[in-house]
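Q: With the first letter of the sequence shown counted as 1, position 244 gets the number 422 in the working numbering; the numbers rise by one all the way through. Mind looking over this structure? Questions follow.
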Amino acid sequence: MAQAEEMKMSVTTSFANSGLAEVLLPEIEKDTGITVQLLVVGTGQALKLGAEGDVDAVLVHAKAAEEKWLAEGNGTHRREIMYNDFIFVGPSDDPAGAAKADKATGALQAIAAAQAPFVSRGDDSGTHKMELSLWKAAGIEPQGDWYRAVGQGMGAALNTASGMNAYIMSDRASWLKFANKGDLKLVFEGDPVLFNQYAFLPVNPAKHPHVKNDLANKLEAWLVSDRAKALIDGYMLNGEKLFTFNAKAE
Numbered sequence: 179m180a181q182a183e184e185m186k187m188s189v190t191t192s193f194a195n196s197g198l199a200e201v202l203l204p205e206i207e208k209d210t211g212i213t214v215q216l217l218v219v220g221t222g223q224a225l226k227l228g229a230e231g232d233v234d235a236v237l238v239h240a241k242a243a244e245e246k247w248l249a250e251g252n253g254t255h256r257r258e259i260m261y262n263d264f265i266f267v268g269p270s271d272d273p274a275g276a277a278k279a280d281k282a283t284g285a286l287q288a289i290a291a292a293q294a295p296f297v298s299r300g301d302d303s304g305t306h307k308m309e310l311s312l313w314k315a316a317g318i319e320p321q322g323d324w325y326r327a328v329g330q331g332m333g334a335a336l337n338t339a340s341g342m343n344a345y346i347m348s349d350r351a352s353w354l355k356f357a358n359k360g361d362l363k364l365v366f367e368g369d370p371v372l373f374n375q376y377a378f379l380p381v382n383p384a385k386h387p388h389v390k391n392d393l394a395n396k397l398e399a400w401l402v403s404d405r406a407k408a409l410i411d412g413y414m415l416n417g418e419k420l421f422t423f424n425a426k427a428e
């Protein structure tokens, strides 16, 4: 067998926490001969690693930040791969009545009005960016003892919420995979604004000549293939699908 080639990709904690990486990486290696080394960080940090040429590609979920990053010349293009959605999780008795809301902003308004404990990732991740945009849309600047920004990844933030019996916004995959649920349950879902798209962005070799653009392109071709579609769409936990493949053929 040919010597495996190695490349680095920065990915979000929500992608890593979901368990999908463990499914995809061995198959990528088997099919392409590429060993993908993951650097697991929040979206903001993942894009920064790409901008500095420390990785060959980036897989994140914050479209506005991705487009700004591309406009600054850091990547060659953006390719959508798959999506899931964000949800709100909270104490099973839902003291704020977030479940009664008809929109995500309404759920946040209910939590803020009740000053019910809320854990924010506070780490410039895609999830954190989405949470902040929803508070803004709700007309609320979250602050005070009830609002706790932890500056950590999705799994660690969920752990904190579980320990505090607090509300939190999570991506669905991380929540389904999370074992330490305690008294928490899913309290709000289904608002179209909670759509969560993941995209693949190769780092620009014109800016960083040392990056392995050929391997990034080879990996992208695999990620948009029928083989990847079957694995992504087939990844289930407790009968629930975690991601939906939506890459379009070029």
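The C-beta atom is built at its ideal place from N, Cα and C for all residues, glycine as well. Model, not experiment: these values are computed from the prediction.
Answer yes or no: do threonine 190 and histidine 239 have a C-beta to C-beta separation smaller than 8 Å?
A: In this structure, histidine 239 lies closer than 8 Å to threonine 190 by Cβ.
Q: Could you tell me which of Lys419, Gly268, Leu203 and Ala182 sits nearest to glycine 341, measuring between CA atoms?
A: The option with the nearest alpha carbon to glycine 341 is Gly268.
Q: Determine the burial state of methionine 179: buried for a count of at least 16 other Cβ atoms within 10 Å of its Cβ, exposed for fewer.
A: Only weak support exists for where methionine 179 lies, its pLDDT of 44 falling under 50; the value from the coordinates is given anyway. Flag for methionine 179 reads exposed.
Q: Which residue wins for smallest C-alpha separation from leucine 286, given the options Trp324, Asp301 and Thr254?
A: That would be Trp324, whose Cα lies nearest to the Cα of leucine 286.
Q: List, from N- to C-terminal side, the alpha helix (DSSP H) runs of 4 residues or more that fit wholly inside the segment 344-380.
A: Runs of the alpha helix (DSSP H) inside the segment 344-380: 350-355.
Q: Mind checking whether glutamate 183 and glutamine 375 have CB atoms under 8 Å apart?
A: Cβ distance not < 8 Å, so glutamate 183 and glutamine 375 don't count as in contact.
Q: Kindly list the residues whose CB is nearer than 8 Å to the CB of asparagine 395, restricted to its own chain and excluding five residues on each side of it in sequence; keep chain order.
A: For asparagine 395, where only same-chain residues beyond five positions count, the Cβ hits under 8 Å are Pro380.
Q: Over what stretch of residues does the beta strand (DSSP E) that includes glutamate 183 continue unbroken?
A: Per DSSP, glutamate 183 belongs to the beta strand (DSSP E) from 183-190.
Q: Using alpha carbons as the reference points, say which of Lys363, Asn262, Tyr261 and Ala292 lies closest to glycine 275.
A: Ranking Lys363, Asn262, Tyr261 and Ala292 by Cα distance to glycine 275 puts Ala292 first.
Q: What separation, rounded to the nearest whole angstrom, lies between the Cα atoms of asparagine 416 and arginine 256?
A: Each residue's alpha carbon lies about 32 Å from the other.
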